[in-house]
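Read through the structure below, which is laid out as structure tokens, and then see the notes.
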Amino acid sequence: MKFFSTILPVVGVVATFALGIVAQRTTEVIQSIHVIADASNGLRQQIEAVTIKNIADNGPGIPKGIVTLVQDISGQTQSVFLSVSNPKPLNDNDAQAVVNALNDFVAIHQALLETIIGKHSLAQQFFLTRPIAIALRSLESVVDTFAHAIIDLIPTRADEGNADAGSLQIYLQAAVSTYES
Numbered sequence: 048m049k050f051f052s053t054i055l056p057v058v059g060v061v062a063t064f065a066l067g068i069v070a071q072r073t074t075e076v077i078q079s080i081h082v083i084a085d086a087s088n089g090l091r092q093q094i095e096a097v098t099i100k101n102i103a104d105n106g107p108g109i110p111k112g113i114v115t116l117v118q119d120i121s122g123q124t125q126s127v128f129l130s131v132s133n134p135k136p137l138n139d140n141d142a143q144a145v146v147n148a149l150n151d152f153v154a155i156h157q158a159l160l161e162t163i164i165g166k167h168s169l170a171q172q173f174f175l176t177r178p179i180a181i182a183l184r185s186l187e188s189v190v191d192t193f194a195h196a197i198i199d200l201i202p203t204r205a206d207e208g209n210a211d212a213g214s215l216q217i218y219l220q221a222a223v224s225t226y227e228s
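Sequential numbering from 48 applies to the sequence shown in our numbering.
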């Protein structure tokens, strides 16, 4: 009987610790998505402010800003998703919370891409289309990796995650096509 009186509290502590890790992991994933969404929104605001009057000074900031966003996404993907060996899938409730954050990220990132597309004619006049196209290709690659790292953690909500990723991919391809033409 002493065995059970000793083992039950240990099992309780281990279970509590494991639940804490899952909760921490979920929070970390959601925070990572929000960090990237905030960076995307900040870049969108920066690009929106570019006008014919200030493009000579601020226009080169567009591809530089995209490259910085690529680095941010790559860093988040590496530190939050790829640094964990054998990550455990999240339970359905946590997966839903991640999908909600992913939905927000996709909407914000789509707004960024629409803004970039909207600045094409202005960028073309100042020979910025090539550097922007190159930066967008890099962005397309890291966003794809980021999205799939998230989707791998949410198998119960993979259809929703894939729908978000697909929707975002359409916007990325439109932006790339606009700047490569």
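Where is the CB? At the ideal position from N, CA and C, for every residue including glycine.
Contact between the region 104-119 and the region 74-91 is present: three or more C-beta pairs spanning the two stretches fall below 8 Å. Between L186 and L90, the gap from beta carbon to beta carbon reaches 8 Å or more. Per DSSP, the unbroken alpha helix (DSSP H) holding Q123 starts and ends at 108-123. In the DSSP assignment, R177 falls within the alpha helix (DSSP H) that extends over 176-200. T98 carries a coil assignment under DSSP once its states are collapsed to helix, strand and coil.
Each residue's CA atom was taken as its position, placing E95 and A86 some 14 Å apart. In this model, T225 and D151 are separated by some 24 Å (Cα to Cα). In the structure shown, V131 adopts coil according to DSSP, grouped into three states. In summary, P110 is buried, with 16 or more beta-carbon neighbours lying within 10 Å of its beta-carbon over all protein chains present. For the pair F174 and T115, the Cα-to-Cα distance works out to about 20 Å.
Taking all protein chains shown into account, I179 has 16 or more neighbouring C-beta atoms within 10 Å of its C-beta and is therefore buried. If you look at S214, you'll find it in the alpha helix (DSSP H) that goes 205-227. Where N138 is concerned, there is no enclosing alpha helix (DSSP H), because DSSP gives it neither an H nor an E.
Leaving aside the five residues that flank V189 on each side, the residues in its chain whose CB is nearer than 8 Å to its CB run, in chain order, V117, I120, S121, T124. With respect to the C-alpha of K100, the residue from Q78, L215, A170 having the closest C-alpha is A170. Distance from the CA atom of R72 to the CA atom of V145, rounded to whole angstroms, is 11 Å. When DSSP states are grouped into helix, strand and coil, F173 belongs to the coil group.
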